[in-house]
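Using the numbering used here, you'd call the opening residue of the sequence shown number 172 and step up by one each time. Every residue gets a Cβ at the ideal spot worked out from N, C-alpha and C, and that includes glycine. This structure is a prediction, so every number in the text was calculated from the model and none was measured. Inspection log for the structure reproduced underneath, given as C-alpha cells.
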Amino acid sequence: MYRVLYRKWRPQTFADVVGQEHITSTLAHEVEIGKISHAYLFTGSRGTGKTTCAKILAKAANCLNPIDGNPCNECSVCKGLDDGTILDVIEIDAASNNGVDNIRDLREEANYTPVHTKYRVYIIDEVHMLSIGAFNALLKTLEEPPAHVKFILATTEVHKLPATILSRCQRFDFHRITPENIKGRLLHVAENENITIDDDAALLISRIADGALRDALSILDRCSGISSHITSEIVSNAAGLAGKDYLFELVDNINMNNPSEVLSLIAKLHNDSCDMERLCSELINHFRNIMIIKTVKNPQQLIVCTDIDFELYKKQAEKTTLFKVLSCITTLEECAALLKSSTNKRTQMEMSAIKICIPDISSDTSALIARIENLENAIREGKIVSAPKTEAVTPANKEEPKPVEEKNEETPLQSPPSAPADEPSPDVDTLFTGWGEVLTKLDVTDKPLLGILGNSSAYMRGEFMLIKCDNPIFSQFIRQGNHANAIKTAIYEVTGKKFRLGIYKGEESDAKKNDPLADLVNKINNL
Ligand SMILES: Nc1ncnc2c1ncn2[C@@H]1O[C@H](COP(=O)(O)OP(=O)(O)OP(=O)(O)O)[C@@H](O)[C@H]1O
Ligand SMILES: [Mg+2]
Ligand SMILES: [Zn+2]
C-alpha cells in the first residue's frame with residue numbers, strides 16, 4: 172500500500188529531526204539522565220516536527236535500550252508502540268475530543284498504571300481547541316499527575332492557551348525550518364525514493380513550503396506523481412505557481428494607472444469564475460514580491476517563484492515606486508478585509524482597483540505621495556515643463572492707474588541717482604510725513620507687506636521715495652512687482668505723484684550692522 176512520503180519519512184529518532192536541534196538535544200539529554208518532565212508543551216508553526224518529537228519522546232522515555240536519549244526502535248516496547256500492540260502512548264486530537272467529559276475520562280484512565288511500559292504518555296494535539304471546562308478539568312492532573320503519567324501538549328496557537336496551562340508545562344518553541352534544511356531533507360528523501368530532482372527544483376519546493384517540512388514532502392509527492400525527474404517547471408505547475416500571467420498583466424496596468432484595462436481584466440477573471448478574495452490575496456502577494464525586490468539586497472531568497480518569474484517581477488519593480496507599491500498593498504489589505512463581509516465582492520474589488528489606479532481620488536498620505544511621485548515622473552519625462560504661473564491679483568494691480576513706469580527695479584533700488592532732476596530738493600532727503608497714510612492704505616491692499624513695514628519711515632529725494640525699514644527681508648519684498656506696485660499705488664493715492672521706489676541707506680542703526688542674520692540675508696539678497 173502506498174504511504175504518502177511525509178508519513179513514510181517521519182523521523183524515528185531525535186537525531187533524524189531536521190532543524191530543531193535546540194529542542195531535540197535537550198529532550199534527548201533529559202531522557203538520557205532520566206529527568207523527564209511531567210508535562211511538555213510543543214508549540215510552533217505547522218509541519219515542523221511537534222507531533223514527530225512527541226512520538227519520539229514517548230518512545231524514548233519507554234524504550235528498553237535507549238541510545239543517547241534516542242529510542243532504539245528495536246526493543247519490544249519500541250516495536251509494540253510502532254505497530255500499535257502497546258497502547259500506553261495515547262494520542263488525543265483535542266479538535267475532536269474537546270469536551271469536559273473527554274478530559275474526565277482521561278483523568279480516570281490515568282490512574283491505572285501502564286501495562287507494558289514505564290510511563291503512560293498522553294499526547295494532546297491541537298490542545299488549544301479544548302473548551303474552557305476541559306482546560307479546567309485538565310489543570311489538576313497536569314499539575315500533579317501520577318508518577319507514571321506524562322503529558323505532551325502540542326499546538327500551533329499557543330496564545331490561545333490559558334496562562335494556568337502554560338505555567339504548568341515545560342515549553343519548547345519549534346522554529347520554521349530553513350529552506351536549506353528543507354532542501355537537504357528533500358534531497359535525502361528523493362535519493363532514497365529513487366526520485367531525480369534538480370537542485371533549483373528542490374530549492375523552489377523548500378521556499379514554497381515556507382518552513383513546513385510536511386508541506387515540502389507533500390509537494391515532492393505530487394511532483395513525483397508527474398515525473399520521476401523533477402524540474403522547477405514541474406514544481407511550479409504542481410504547486411500552482413504557474414499560470415499567473417494575469418497577475419503580471421493586472422499589475423502592468425496598475426503601474427500604468429490604466430483603470431479601464433484593469434477593470435476589463437477583472438471582469439474577464441470574474442467570468443472565468445475566479446474568486447475575488449483569492450485574486451486580492453494573490454495581488455497582495457505579487458506586490459509584496461515587488462516590495463521585497465525594491466527594498467532588499469538579495470531578494471530572491473525571500474521570494475517564492477521560478478527564475479523566469481523573478482525576472483518579470485524585477486521588470487515590474489523597475490517601473491513603479493516603493494510608495495505606489497506600499498499604497499497598493501494598503502488598499503488591497505483593506506479590500507481583503509472588506510471582501511470577507513461584502514455581498515458584492517466584484518464591486519468591492521473593482522473599487523479598490525480604481526483607487527490604486529487613480530491615486531488622485533484618494534486622500535490618504537500614501538496616495539498623496541503617489542500623486543507627487545507621478546508629477547515628479549512626469550517632469551522627469553518632460554511631460555510637464557513648468558508649473559503655470561498664477562497671476563497675483565491684488566487690489567493694487569487691479570486698480571493700478573499705471574503710475575509706475577520702470578520694469579527693472581534693481582538699479583533704482585540699489586543706487587538712486589544722487590541728484591534726480593525733479594523736486595522736492597534733488598540732493599536732500601526730506602522725511603515723508605504722509606507715510607503713515609500710505610501704511611493705512613497698505614493695510615487694505617497688501618497686508619503681508621504691511622507686516623514687514625512695521626517700523627518703517629520714508630524719505631523723498633527727487634522722483635524717488637526712499638523707504639527706511641530695518642526688517643532684513645524688506646528688500647526681498649520690494650523687489651516683487653506686486654508689492655512694489657502696492658506701495659507705489661498707495662503713495663500715488665496719498666501724494667498724487669508717481670514716485671520711483673528706493674531703499675533708504677542713511678545712517679544704518681548699530682543693531683542692524685551687528686546683526687549676523689541681517690548680514691546674511693543682505694548677502695543673499697545681493698547675490
Ligand atoms: N523537523 C522535522 N524534521 C524532519 N521531518 C519533519 C520535521 N518536521 C516535520 N517533518 C515531516 O513532516 C511530517 C509532519 O510533521 P509533524 O506531524 O511532526 O508536524 P507538526 O509540527 O506536528 O505539524 P502540525 O502542527 O500540523 O500538527 C513528518 O511526518 C515528517 O515527515
Ligand atoms: Mg502535529
Ligand atoms: Zn527501544
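Check: Asp369 beta carbon near ligand 2 (any heavy atom closer than 7 Å); Outcome: no
Check: Closest Cα partner of Thr147 within the set Thr256, Lys321, Asn307, Asp254; Outcome: For the chain, the structure presents residues 172 to 698; residue 147 sits outside this window and is missing.
Check: Inter-residue Cα distance where the pair is Val271 and Val292; Outcome: 19 Å
Check: Continuous beta strand (DSSP E) stretch holding Ile294: start and end; Outcome: 291-296
Check: contact_flag[the segment 260-267, the segment 214-233] where n(CB pairs < 8 Å) is 3 or more; Outcome: yes
Check: Proximity test, Lys485 beta-carbon vs ligand 2 heavy atom, cut-off 7 Å; Outcome: no
Check: Rounded C-alpha distance that separates Leu301 from His209; Outcome: 20 Å
Check: For Thr477 and Ser403, believed in contact at Cβ under 8 Å, the rounded distance; Outcome: 5 Å
Check: Touching by the beta-carbon criterion (3+ pairs, under 8 Å), the segment 327-338 and the segment 214-222; Outcome: yes
Check: As assigned by DSSP and simplified to three states, the class of Ala325; Outcome: strand
Check: Contact the segment 456-467 vs the segment 486-498: 3+ CB pairs below 8 Å; Outcome: yes
Check: Phe213 beta carbon less than 8 Å from that of Phe345; Outcome: yes
Check: Reduced DSSP category for Ser399 - H, G, I as helix; E, B as strand; rest coil; Outcome: coil
Check: For Glu700, the first and last residue of its enclosing beta strand (DSSP E); Outcome: For the chain, the structure presents residues 172 to 698; residue 700 sits outside this window and is missing.
Check: Pro317 to Met172 span [Cα, whole Å]; Outcome: 40 Å
Check: Minimum length 4: unbroken alpha helix (DSSP H) runs contained in the segment 384-460; Outcome: 384-397, 403-409, 416-426, 430-442
Check: Sequence-distant residues of the same chain with beta carbon closer than 6 Å to Arg632, five excluded per side; Outcome: Asp600
Check: Reference Ala655; option with closest CA among Tyr417, Asp598, Ile674, Gly240; Outcome: Ile674
Check: Separation of Thr312 from Asn282, as counted between CA atoms; Outcome: 10 Å
Check: His287 vs Lys331 beta-carbon contact at 8 Å; Outcome: no
Check: Collapsed DSSP secondary structure at Met520 in the structure displayed; Outcome: helix
Check: Nearest-angstrom Cβ-Cβ length linking Ala308 and Arg275, presumed shorter than 8 Å; Outcome: 6 Å
Check: Thr604, DSSP secondary structure in three states; Outcome: coil
Check: Alpha carbon of Ile463 to alpha carbon of Asp423, nearest angstrom; Outcome: 17 Å
Check: According to DSSP, residues forming a beta bridge with Tyr675; Outcome: In DSSP, Tyr675 forms no bridge with anything.
Check: Any non-hydrogen atom of ligand 2 within 7 Å of Asp296 CB; Outcome: yes
Check: Identity of the residue in Leu176, Glu664, Glu505, Ile294 nearest Asn363 by Cα; Outcome: Leu176
Check: Contacts around Ser586, its chain only, beta-carbon distance under 8 Å, and the 5 residues preceding and following it disregarded; Outcome: Below a pLDDT of 50, predicted positions are generally treated as unreliable, and Ser586, at 45, falls in that range; no measurement from the model is reported.
Check: Cut-off 6 Å between Cβ atoms - residues of its own chain near Ile662, not counting five sequence neighbours on either side; Outcome: Val609, Met636, Phe670
Check: Euclidean distance between Cα positions of Ala442 and Ala372; Outcome: According to the sequence as given, residue 442 is Asn; it is not Ala. Taking the straight line from one Cα to the other gives about 34 Å.
Check: Bridge-paired residues (DSSP) for Tyr514; Outcome: Reading off the sequence shown, one finds Thr at residue 514, where the question assumed Tyr. Bridge partners of Thr514: none, in fact.
Check: Proximity test, Val292 beta-carbon vs ligand 3 heavy atom, cut-off 7 Å; Outcome: no
Check: Helix, strand or coil at Gln487 [DSSP, three-state]; Outcome: helix
Check: Inter-residue CB distance, Gln341 and Tyr484 (contact presumed, cutoff 8 Å); Outcome: Incorrect: roughly 44 Å between the Cβ atoms, too far for contact.
Check: C-alpha gap between Val188 and Leu235, whole angstroms; Outcome: 21 Å
Check: Backbone secondary structure at Met172 - three-state DSSP; Outcome: coil
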